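S.K.:
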Amino acid sequence: MTSTPVIISPPYDTGDNAWMMTSTALVLLMTPALAFFYGGLVEHKNVLNQLFLSFICMGIVFVQWVLFGFSFAFGPAVSPGFGSFGWSVLRFGELYNPNYSPTYPLLTYCAYQGTFAVITPALISGAIVGRMKIIPYMIFIFIWSTVCYDPMAHWVWGDNGWLKHLGTLDFAGGTVVHILSGVSGLVASMVLGKRHDYDAHSTTAHNLPFTILGTCLLWVGWSGFNAGSANSASGLASLALINTHVAAAAGLMTWVVIDAIRGHISISGACVGPIVGLVAITPACGFVQPGWAILIGIIGTGIVYGLLLLKRHMHIDDTLDVAIVHGCGGIAGAFMTGLFAQKKMNPSGGADGAFYGNPVQMWYQIAGILTAIGFAAACTALILLPLNLIMGIRLAKEDEMIGLDAAAHGEGWEVAASRAVGDMVKQVLAEVNENKGQLAENGTFELRYVPANKDRHSFSVPLPTRYEHERNEVTENNREPMFGVPKNNENVVNKDNPNMVATRH
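Residue 1 is where the sequence shown starts when you use UniProt numbering, and the numbers rise one by one after that.
1) Looking at Asp16 and Gly104, is the spacing between their C-beta atoms short of 8 Å?
2) Ordered along the chain, which non-local residues of its own chain (more than five positions away) have a Cβ less than 8 Å from that of Ile299?
3) Less than 8 Å between the C-beta atoms of Leu41 and Thr211, yes or no?
4) Can you say whether His245 is buried or exposed, counting buried as having 16 or more other CB atoms within 10 angstroms of its CB?
5) Look at the Cβ atom of Gly185, then the Cβ atom of Glu43, and state whether they are nearer than 8 Å.
6) Is DSSP giving Ser101 helix, strand or coil here?
7) Could you round the C-beta distance between Leu123 and Ser181 to whole angstroms and report it? I think they count as a contact, below 8 Å.
8) Note down the Cα distance separating His154 from His313, rounded to an integer number of angstroms.
9) Take Ser84 as the anchor and find which of His326, Thr146, Tyr38 and Gly174 has the nearest alpha-carbon.
10) Answer with buried or exposed for Asn472, where buried requires no fewer than 16 other C-beta atoms within 10 angstroms of its C-beta.
11) What are the partner residues of Arg394, as DSSP defines its beta bridges?
12) Examine the Cβ distances between the segment 207 to 222 and the segment 23 to 41 and report whether three or more of them are shorter than 8 Å.
13) Is it buried or exposed, Val272, if we count other Cβ atoms within 10 angstroms and call 16 or more buried?
14) Whose CA, out of Gly174, Ile402 and Gly251, lies closest to the CA of Cys328?
15) Mark Arg195 as exposed unless 16 or more other C-beta atoms lie within 10 angstroms of its C-beta, in which case mark it buried.
16) Expressed to the nearest angstrom, what Euclidean distance is found between the alpha-carbon atoms of Ala307 and Val325?
17) List the endpoints of the continuous alpha helix (DSSP H) containing Asp405.
18) Measure the alpha-carbon distance for Ser311 versus Ile119 and round it to whole angstroms.
19) Determine the direct distance from the alpha carbon of Ile294 to that of Gly353, and round the result to whole angstroms.
20) Check whether the Cβ atoms of Glu400 and Leu48 sit closer than 8 Å, and answer yes or no.
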């Protein structure tokens, strides 16, 4: 009598796997969302470059992650501090792992964690806008992901990570993602030095619609970032999800209220508010009640708002405030996790905080915070300083003043923008013609682009224009013409782009 071998399939849950793959897509969306968020806040001469600095991380880091990054962070450990090459190139296939992915394939978990590894170095790019060479930046991203991000992920989330066993709580990346990137951004900006045209009292934002779009997409993507960290489609994921959104909403409202008290509501500030709330709740979202999540969003946003008011006195050119928003926001959130965490909210992986009779949890959180700060600072400095000696990392002054769009990429977007403005003006004038009536033809309106390089040809976009027949009366009363249309033979210079001139003939 022969026996037939029985193949036992792993206990996979298709719902959990579907949720984790959806979360992977949501977190991956956050990197292009970050590109738009940053891209709207930089000067027009560095827009394409800033988009590229985030975009390129999706290539560099994910290749590194599959080759050996995932193995270093989550593979068979050689010590409490480091992984190994055991899972390099993901040669484990559809291995069942009861620790990292008990109800879905390990490959899904690898893809999900890979999206975290991608966005973390992309956050750093906001601190070094407009002054770092492209090739050194890409080399830095590869090395930093290997020697800084991967070990820290192992310490906090790995099976035998020493911070995890110490008791440090970080549900979705307050220390691993935000403190690490914030501190690294600060050190990178110090190593590079200030921009040549740096002005602590000025703003460089050129396209706030970009920033608003990026903010909204980041908010949506954070659903997968935090709720996906529950590692299943469960009640814990629901807790993380509601805490995520209410903290973001609290951050938004806190920023708007403070702005209103101070006299005006800033659109760029209103975009930063929910981001700070999201950063602050990230380490705590799976450990606290929603009421505490509101408080975390309010306190975190208030702290960051105050620090940004003091930034002009700090003499550090962290262009897009990565250190304050992500570094300080992450520190505040990690510390408050030690205050408000409650074990009954997450019985399998949580702990009580100081407000629930366990004050030692604050010290565990402080240990994680200090470890992330010291390790990120050391890694960043030890990568950039030798790299600077070997090949130079700082852009030449002439190239910096021209902008990286032209100097590093040899491309620009302003011609397309000029045409877009022309279409917009044409539409406005058409609406005026329809609504005002009895208008007479009186010349043309044109947009003229004058390139900085005299060897290149300029061009004009003519637009038909009509004026009200009462124009003479308007002129006599010393009032400006409708919609700022210039008088005969006057030039109107676009303040954001001096090369774009509107002329009336």
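C-beta atoms are modelled at their ideal positions from N, C-alpha and C, and glycine is treated no differently. Quick caveat: nothing in here was measured; it's all calculated off a predicted structure.
M.R.: In short:
1) Correcting the residue type first, residue 104 is Tyr in the shown sequence and not Gly. Taking C-beta atoms as the reference points, Tyr104 and Asp16 count as a pair closer than 8 Å.
2) Ala280, Ala332 and Met336
3) yes
4) buried
5) no
6) strand
7) 4 Å
8) 37 Å
9) Thr146
10) Summary for Asn472: the model assigns pLDDT 42, below 50, so the residue's position carries little reliability, and this model does not support an answer.
11) Met132
12) yes
13) buried
14) Of the listed residues, the one whose Cα sits closest to Cys328 is Gly174.
15) buried
16) In the sequence as displayed, the identity of residue 307 is Leu instead of Ala. The alpha-carbon atoms of Leu307 and Val325 are separated by roughly 9 Å.
17) Membership of Asp405 in the alpha helix (DSSP H) is indicated by the continuous run Leu404 to Ala407.
18) Sequence inspection shows Lys at residue 311; the Ser mentioned does not correspond to that position. Between Lys311 and Ile119, the C-alpha separation is close to 25 Å.
19) 17 Å
20) Against a cut-off of 8 Å, the Cβ pair of Leu48 and Glu400 comes out as no contact.
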